[in-house]
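Q: In this note's numbering, the protein residues as written are 3 to 113. Ideal placement from N, C-alpha and C gives every residue a C-beta, glycine not left out.
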Amino acid sequence: MHQLFEAIGRHAARNSAAPALCSTARVLSYGELSNALSRLYGFFDGRKLAPGSKVFVNIADSDMRSLVHLACIHYGLVPFLVFNPSQVPGQVDHDIVIGANDPLVADLPAD
């Protein structure tokens, strides 16, 4: 996994505007991807999350949720994958909730 993130950094240094991730909603460049990952790592560092911490990613935007899941795995965290919010159990075992303005599960606030 380290090799993937090193490759993202190399691509961002060579051509930050080149597309890295494409979906029907957006195109994320290598520069944007690299910056987003750096911000997420800073967030994780600031929260002093220990390796193996369980994370509920409460973000409705599937592109951003995927990015946060990837960053969690690389950082050594364990993201809880949710594909259908109606299937979320009443009590999800987690150490932290990472959220956004548009949550996947409305009644689960971010930490």
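Under DSSP, the alpha helix (DSSP H) around N1 begins and ends at which residues?
A: This structure cannot settle anything about residue 1, because the visible part of the chain is limited to 3 through 113.
Q: With a cut-off of 8 Å on the beta carbons, I'd call I100 and N60 a contact; round off their distance for me.
A: Indexing the sequence shown from 1 puts residue 100 at position 98. Indexing the sequence shown from 1 puts residue 60 at position 58. So it is a contact: roughly 7 Å between Cβ atoms.
Q: Could you tell me which residues DSSP puts in a beta bridge with V57?
A: By 1-based counting over the sequence shown, the position of residue 57 is 55. According to DSSP, which records beta bridges pairwise, V57 is partnered with P81, I98.
Q: Between the C-alpha atoms of L69 and I75, what's the straight-line distance to the nearest angstrom?
A: Within the sequence shown, residue 69 is the residue found at index 67, counting from 1. Within the sequence shown, residue 75 is the residue found at index 73, counting from 1. Roughly 10 Å separates the two Cα atoms.
Q: What three-state label does DSSP hand V107 in the structure shown?
A: In the sequence shown, counting from the first residue as 1, residue 107 sits at position 105. Here V107 sits in coil by DSSP.
Q: Taking only three categories from DSSP, how would you classify L51?
A: Within the sequence shown, residue 51 is the residue found at index 49, counting from 1. If DSSP states are grouped into helix, strand and coil, L51 belongs with coil.
Q: When we look at the beta-carbon of L83 and count the other beta-carbons within 10 Å, is it buried (16 or more) or exposed?
A: Position 81 of the sequence shown, counted from the first residue, corresponds to residue 83. With fewer than 16 other Cβ atoms within 10 Å, it is exposed.
Q: Could you tell me the boundaries of the beta strand (DSSP E) in which A22 lies?
A: Residue 22 sits at position 20 when you count from the first residue of the sequence shown. 21-24 is the extent of the beta strand (DSSP E) around A22.
Q: Please classify L106: is it buried, with 16 or more other beta-carbons within 10 angstroms of its beta-carbon, or exposed?
A: Your numbering for residue 106 matches position 104 in the sequence shown. Looking at its Cβ environment, which holds 16 or more other Cβ atoms inside 10 Å, L106 is buried.
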